[in-house]
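Numbering (this note's numbering), first residue to last: 212 to 792.
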């Protein structure tokens with residue numbers, strides 16, 4: 212077999228190409244299936260999802276792309292089982308350094324025939340690991356060693372300990388084993404019953420991964436007892452068909468190698484697989500199909516979890532929406548039912564129109580009241596400005612009070628569930644209080660609305676600015692009257708305040724009618740009302756967004772669940788079709 216340039220690696224065709232496309236789509240769907248909320252079981256499902264993504268990226272997709280690439284045998288096992296010594300002895304030279312101190316922190320080593328080097332480029336197997344040609348302590352690197360001692364069609368990878376005390380080593384070992392066509396599991400008479408390696412072997416059985424077990428460097432008197440017990444354990448755990456090799460205890464030479472005869476059986480078996488294309492392909496396809504089947508099986512709980520996360524996220528979004536919708540409704544009601552026509556606003560309005568005398572004249576003829584109103588406010592620009600200031604202060608206070616209530620309600624609702632507590636704690640500020648800059652924004656919004664009102668009056672009175680009544684009242688006076696009409700449109704307060712609010716509205720309306728007429732006044736009031744509602748809605752919308760932004764930032768999308776299910780169905784359909792051929 213001659214080496215081929217990297218760009219000459221064949222692209223799958225036919226059904227393999229369809230499966231590759233389906234697997235790439237499944238990977239993309241899983242990447243979008245975020246599980247950020249700490250719901251019951253979420254941590255385990257996040258781990259499962261990441262493991263599936265890692266196996267798709269590290270093994271399944273690269274392997275489907277290159278089905279005729281060398282078989283990768285990953286040598287893994289417990290601490291101190293002798294994995295590196297076994298690899299060196301199989302190769303016949305010191306290609307990987309045994310760890311004398313535990314834990315051993317170094318990069319994994321992949322040994323291959325020189326003519327197979329093009330199969331192990333950065334864009335192939337284990338793409339996240341940087342390729343190096345020298346020994347290093349960086350676990351994020353993969354040391355490549357080319358030697359003719361390894362036959363073409365076979366690559367051997369020395370992995371870290373599966374039970375290392377260092378978490379990164381354990382994670383890397385799991386990642387490498389998940390990328391193997393064949394697991395060569397190394398254990399010893401002292402470690403063969405350890406729990407951690409058997410958990411990995413259980414995963415191998417679940418995935419139908421091809422496995423060979425090596426009972427390493429076992430004393431002659433213990434071989435029969437230990438190997439018999441180990442074989443029974445393998446059989447009871449669904450691995451009765453996996454080969455079991457015995458490496459007898461022996462003296463290592465000055466290069467740290469066991470006598471060739473001690474590893475002859477396993478070396479011969481690996482070489483026979485490498486030389487037999489059909490046997491090698493069978494091992495690869497067994498492991499590949501098992502990996503795809505296991506991924507397909509474990510994907511559906513991820514989709515279910517995405518739906519649950521989306522439901523919780525939408526529930527949080529809805530509780531905050533209701534809190535601010537209530538605040539907006541309360542504010543809109545208070546700015547229309549006469550509530551604002553109290554205190555400072557009412558006092559300044561009375562100063563402007565001389566309400567005490569004019570209220571007693573409400574039963575007079577309309578024409579006389581209009582004339583008296585114009586006469587009463589003539590020459591009172593300062594009083595009009597004071598009403599404007601009082602309105603500004605009253606509106607700001609109203610917005611701030613309702614915003615504080617809404618923030619408190621929303622935060623309390625979120626605290627009723629752990630996911631909400633988690634988000635509140637992650638917020639950059641205390642969401643149970645209104646924004647620090649709300650007062651400034653409310654002040655600006657109110658002033659802009661008052662400017663809008665004055666512009667309405669100015670535009671409506673464009674043709675009347677020379678009339679005596681328009682000149683007497685002025686834009687500010689008419690604007691103040693329009694604000695009062697807006698604030699008292701429904702006259703919803705009760706008792707004595709109802710009369711005051713209603714009377715204020717009538718007086719304001721009559722002032723406006725004296726200049727614009729009945730129909731124009733109704734239109735002005737409606738437009739001013741809408742402008743106010745829009746500006747208040749914008750303020751509360753920004754306050755609510757503090758909550759919804761947190762939820763949106765989670766990246767939870769209920770549609771991602773459907774995409775995952777659709778993608779895995781396609782993979783299953785292709786697997787079923789392949790099985791029928």
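Where is the CB? At the ideal position from N, CA and C, for every residue including glycine.
Here the structure is a predicted model, which is why all the values come from computation and not from measurement.
- In this structure residue 384 touches residue 370 by the C-beta definition: roughly 5 Å separates them, less than 8 Å.
- In this chain, residue 459 is not harboured by any alpha helix (DSSP H); it is covered by the beta strand (DSSP E) spanning 455 to 459.
- In the three-state reduction of the DSSP assignment, residue 431 falls in the helix class.
- In this model, residue 657 and residue 628 are separated by some 37 Å (Cα to Cα).
- With respect to residue 503, residue 271 sits close: the two C-beta atoms are nearer than 8 Å.
- Remark: C-beta atoms of residue 412 and residue 448 approach each other more closely than 8 Å.
- Of all alpha-carbon atoms in 692, 753, 771, 744, the one lying nearest the alpha-carbon of residue 732 is that of 692.
- For residue 324, the number of other beta carbons within 10 angstroms of its own is at least 16, and it is reported as buried.
- For residue 396, the enclosing beta strand (DSSP E) covers residues 393 to 399.
- By a beta-carbon distance limit of 8 Å, residue 744 contacts residue 543. Their separation comes to about 6 Å.
- When the Cα atoms are used, residue 770 and residue 785 turn out to be separated by approximately 23 Å.
- For residue 352, the uninterrupted beta strand (DSSP E) segment begins and ends at 352 to 357.
- Residue 614 counts as buried, since no fewer than 16 other beta carbons sit within 10 angstroms of its beta carbon.
- In the structure shown, residue 448 falls within a coil segment according to DSSP collapsed to helix, strand and coil.
- Between the stretch 353 to 373 and the stretch 251 to 262 there are fewer than three C-beta pairs closer than 8 Å, too few to call the two in contact.
- The straight-line gap separating the alpha-carbon atoms of residue 698 and residue 556 is approximately 11 Å.
- The C-alpha of residue 340 lies about 21 Å from the C-alpha of residue 499.
- Ranking 243, 237, 249 by CA distance to the CA of residue 632 puts 249 first.
- By the Cβ-count criterion, residue 354 is buried, with 16 or more other Cβ atoms from all chains shown falling within 10 Å of its own Cβ.
- A direct Cα-to-Cα measurement between residue 456 and residue 394 gives close to 13 Å.
- Residue 404 counts as exposed, since fewer than 16 other C-beta atoms from the protein chains shown sit within 10 angstroms of its C-beta.
- Restricting attention to 409, 301, 398, 307, the CA atom closest to the CA of residue 362 is found in 301.
- Counting only residues of its own chain and dropping the five nearest sequence neighbours on each side, residue 450 has a CB closer than 8 Å to the CB of 412, 415, 416, 422, 424.
- The criterion of a C-beta distance shorter than 8 Å is satisfied by residue 253 and residue 516.
- Contact between the stretch 504 to 514 and the stretch 761 to 779 is established, with three or more Cβ pairs separated by less than 8 Å.
- The alpha carbon of residue 496 has as its nearest neighbour, out of 621, 755, 280, 337, the alpha carbon of 280.
- A distance below 7 Å between beta-carbons, with the five flanking residues on each side excluded, links residue 507 to the following residues of its chain, in chain order: 779, 782, 783.
- With 16 or more neighbouring CB atoms inside 10 Å of its own CB, residue 687 falls in the buried class.
- Just so you know, the alpha carbons of residue 440 and residue 289 end up roughly 18 Å apart.
- Approximately 4 Å separates the beta-carbon atoms of residue 620 and residue 534; this is inside 8 Å, confirming the contact.
- Residue 373 carries a coil assignment under DSSP once its states are collapsed to helix, strand and coil.
- Approximately 5 Å separates the beta-carbon atoms of residue 720 and residue 696; this is inside 8 Å, confirming the contact.
- 756 is the residue among 756, 228, 689 whose C-alpha sits nearest the C-alpha of residue 527.
- For residue 544, there is no enclosing beta strand (DSSP E); the residue is found in the alpha helix (DSSP H) stretching over 488 to 545.
- Rounded to the nearest whole angstrom, the C-alpha separation of residue 604 and residue 240 is 53 Å.
- When DSSP assignments are scanned along the stretch 291 to 340, the uninterrupted stretches of alpha helix (DSSP H) that are 4 or more residues long and fall wholly within it turn out to be 294 to 302.
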